Amino acid sequence: MHPPGTALSQQDAQRLVAAFVEHCNNVRLHSAIGYIAPVDRLEGRAEAIWAARDHELTVAREARAARRGKTTAAFASSREGDSEDAEVGCQVLERS
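In this text, residue positions in the sequence shown follow this note's numbering: the first is 17, and each later residue adds one.
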């Protein structure tokens, strides 16, 4: 039994190489060109892809900041009534 991806004939080898080249040029993201596929760079889509990524990151950062702000505000408001209890607790600890 031959492992998958093993060429058994010249035609099979050509098919495997063509599939590899297709993947590398059209699917795989290359770090040297900004994590885009070479076909996207060659066809002038790099700037649009980078702008879309920047926009998505900005939206995600804003959503995360809003969630954190709500969580912090909710925690602060829930702790407002606890300030006297906290002081009493501290005084008790200081006396012992």
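Note that CB positions come from ideal geometry on N, CA and C, so glycine has one too. Predicted model only: the values in this text are computed from it and were never measured.
In the three-state DSSP reduction, H18 falls in the coil class, being neither helix nor strand. Per DSSP, the beta-bridge partners of H46 are I52. Distance from the CA of G21 to the CA of L58, rounded to the nearest whole angstrom, comes to 29 Å. Of the candidates A81, A62, A35, A62 places its Cα closest to the Cα of I49. In the structure shown, the three-state DSSP call for R61 is coil.
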